[in-house]
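Using the working numbering, you'd call the opening residue of the sequence shown number 1399 and step up by one each time.
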Amino acid sequence: MATDQAMGIRTNQEWVQLLREQRADSYETLWRYLYKVTTNLCTRRLADLPPERQLAMAEECAQEALVQVWRKLDSYRGDGPFLGWVTRIAVNKLRDRLRHERPWQAKTEITENLQPTSSDPISDVLALLMQALQQLTPCERHVLTGRLLQERSSEEIATALGISRGNERIIYLRARQKVKTVLLANGYAPAARRAGPAVKSAPSGDGPLLKK
């Protein structure tokens, strides 16, 4: 969708302006993004629940986050990436839900796979990730968000940009490496492999944040 393709290249001010104008396509795009965030977290951290329950919780949290974004839009000051701000809202909604349903897990379940070498909370990790995305070129950001957030194929992205699949892959790998470099430079390393059949580690070198 054209609106989804524009997600990664909109500026902070453009996001705020479009949402203030109550543009339906912008809210739909943001909803898809928030749902992607909460679904990924739910399927990783609540693997023991039935899939339908995971998706239901993800949808509820994404919807609650979207409402809160709308209510608090005027409080966004542009100090960091807009998508980082809305991501923190979604993560906090899921934390609240876990706190009620699984109080013994609320403090660890969501952050377990993020292994910072510093003591920064998950919100800082997400803000840093979004800041790294903002530093990419529009083409790199389009390719990376298309692959990782919108789950579009290499062929589809290459066609939309008018480039070959080989060039698309080069851009994708370069963009992913740039984001990874920013995360590592700020003290965030891929999660260490742990024993146990219930734990799935990301391939060495990628880390959970950059997993395709």
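Glycine included, each C-beta is placed from N, C-alpha and C at the ideal position.
Being a predicted model, the structure only gives us computed values, none of them experimental.
Under 8 Å between C-beta atoms of residue i and residue j
i: Ala-1488; j: Val-1414; result: no
i: Asn-1584; j: Pro-1479; result: no
i: Thr-1437; j: Leu-1453; result: yes
i: Glu-1554; j: Arg-1563; result: no
i: Ala-1573; j: Glu-1566; result: no
i: Leu-1417; j: Leu-1481; result: no
i: Leu-1496; j: Val-1577; result: no
Distance between residue j and residue i (C-alpha atoms, nearest Å)
i: Leu-1531; j: Cys-1537; result: 11 Å
i: His-1540; j: Leu-1492; result: 27 Å
i: Asp-1477; j: Asp-1494; result: 25 Å
i: Arg-1619; j: Leu-1542; result: Shown here, the chain extends from 1399 to 1610; a query on residue 1619 therefore has no answer.
i: Leu-1581; j: Leu-1559; result: 27 Å
i: Gln-1529; j: Gln-1575; result: 14 Å
i: Ser-1602; j: Leu-1439; result: Note on Ser-1602: pLDDT 37, under 50, position unreliable in the model; the coordinate value appears next. Between Ser-1602 and Leu-1439, the C-alpha separation is close to 20 Å.
i: Pro-1448; j: Tyr-1425; result: 29 Å
i: Thr-1535; j: Tyr-1570; result: 11 Å
i: Arg-1443; j: Trp-1483; result: 22 Å
i: Ile-1568; j: His-1498; result: 45 Å
i: Trp-1468; j: Ala-1445; result: 31 Å
i: Val-1456; j: Thr-1485; result: Correcting the residue type first, residue 1456 is Ala in the shown sequence and not Val. Near 13 Å, if we compare the C-alpha coordinates of Thr-1485 and Ala-1456.
i: Leu-1546; j: Cys-1459; result: 20 Å
i: Asp-1423; j: Gly-1544; result: 17 Å
i: Arg-1421; j: Thr-1579; result: 35 Å
i: Glu-1373; j: Ile-1561; result: The structure shown has nothing for residue 1373, since the chain only spans 1399 to 1610.
Start and end residues, alpha helix (DSSP H) containing residue i
i: Lys-1434; result: 1422-1443
i: Ser-1551; result: No alpha helix (DSSP H) holds Ser-1551; DSSP gives it neither H nor E.
i: Gly-1621; result: Lying before the first or after the last residue shown, residue 1621 is absent from the chain, which here runs from 1399 to 1610.
i: Gln-1461; result: 1449-1469
i: Thr-1535; result: Element bounds for Thr-1535: n/a, residue is neither H nor E.
DSSP three-state assignment for residue i, whether helix, strand or coil
i: Asn-1410; result: helix
i: Asp-1477; result: coil
i: Glu-1419; result: coil
i: Asn-1584; result: coil
i: Asp-1446; result: coil
Say whether the region 1424-1433 touches the region 1449-1465, bearing in mind that this needs 3 or more beta-carbon pairs closer than 8 Å, one atom from each stretch. Yes: at least three Cβ pairs fall under 8 Å.
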